[in-house]
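*Asks:* My questions all concern the structure below.
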Amino acid sequence: MALLDLRCISPGKDGSFWVGGTNGVLFRFFPETRRYHRIPGVPLTTIWEIISLNDSILALATINGLMALNLRSGVFTTLADTRTEPALPANIIMAMCRDAYGKFWLGTSAGLAVYDPHTRKIESLVSESFLPQGLPEYRIIAFLPDRNGLMWIGT
């Protein structure tokens with residue numbers, strides 16, 4: 018394999034791993050055989066995070082917003098970006114985490130948002146009313162849910 022600019026690795030539901038990177042790079046790696054399969058038709062984007070929702074759907078945090086890939090049909094769908102209503106704070110999603118309620122916490126280059134896949138609504142959480150102490154920086158790069166249900170945010 019040629020040298021690639023890889024950005025993330027995420028476990029699949031079947032023991033495989035998903036690997037994403039720049040320029041539309043998306044692979045599925047099978048550790049038992051040490052083989053990989055490149056997923057064709059990926060839009061020219063950078064993939065920062067991958068979450069396997071089930072056997073057929075991947076959620077992708079990209080520089081073009083939140084996308085879903087249907088593995089059975091090969092169809093990519095934009096779930097949220099700066100054009101959806103309500104909109105993401107920015108299209109560049111650098112961090113993504115799914116909480117215990119199934120919601121996606123999205124760390125963008127301009128703030129924090131939560132996407133509910135059941136209602137398909139986005140809630141922007143960059144206002145002072147939600148975070149009275151404010152964030153040291155609006156660029157969110159990491160999430161860590163703890164055992165008490167709190168979401169730790171890295172800037």
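For the sequence shown, my numbering assigns the number 18 to the initial residue and increments by one for each residue that follows. Beta carbons are placed, not taken as given, at the ideal position from N, Cα and C, and that holds for glycine.
Going by Cα to Cα distance, which pick from Tyr-118, Asp-98, Lys-30 is closest to Ala-130?
*Replies:* Ala-130 has its Cα closest to that of Asp-98, out of Tyr-118, Asp-98, Lys-30.
*Asks:* According to DSSP, simplified to helix, strand and coil, what is Arg-45?
*Replies:* In this structure, Arg-45 counts as strand in the three-state DSSP scheme.
*Asks:* Measuring alpha carbon to alpha carbon, tell me which of Ala-117, Asn-87, Ala-112, Phe-34 ends up nearest Arg-164.
*Replies:* The candidate whose alpha carbon is nearest that of Arg-164 is Ala-117.
*Asks:* Can you give me the Cβ contacts of Ser-141 inside the same chain, cut-off strictly under 6 Å, excluding the 5 residues immediately before and after it?
*Replies:* The answer, listed in chain order, is Pro-106, Ala-130.
*Asks:* Rounded to whole angstroms, what's the CA-CA distance from Arg-7 to Arg-45? Just pull it up for me.
*Replies:* The first residue shown for the chain is 18 and the last is 172, placing residue 7 beyond what the model contains.
*Asks:* Measure the C-alpha to C-alpha separation of Arg-137 and Pro-48 and round it to an integer number of angstroms.
*Replies:* Each residue's Cα considered, the two are about 34 Å apart.
*Asks:* Terminal residues of the continuous beta strand (DSSP E) containing Lys-138?
*Replies:* Lys-138 -> beta strand (DSSP E) spans 138-141.
*Asks:* Which residues in the same chain as Glu-154 place their Cβ atom closer than 6 Å to its Cβ, once the five residues preceding and following it in sequence are excluded?
*Replies:* Here the set comprises Thr-172.
*Asks:* What runs of the beta strand (DSSP E), each 3 residues or longer, lie entirely inside the stretch 77-109?
*Replies:* List check, beta strand (DSSP E) in window: 82-87, 92-97.
*Asks:* From the DSSP secondary-structure annotation, give me the bridge partner or partners of Gly-38.
*Replies:* Paired residue(s): Leu-23.
*Asks:* Going by DSSP, what residue range makes up the beta strand (DSSP E) through His-54?
*Replies:* That run of the beta strand (DSSP E) goes 52-55.
*Asks:* Quick check on DSSP: helix, strand or coil for Ala-117?
*Replies:* In this structure, Ala-117 counts as coil in the three-state DSSP scheme.
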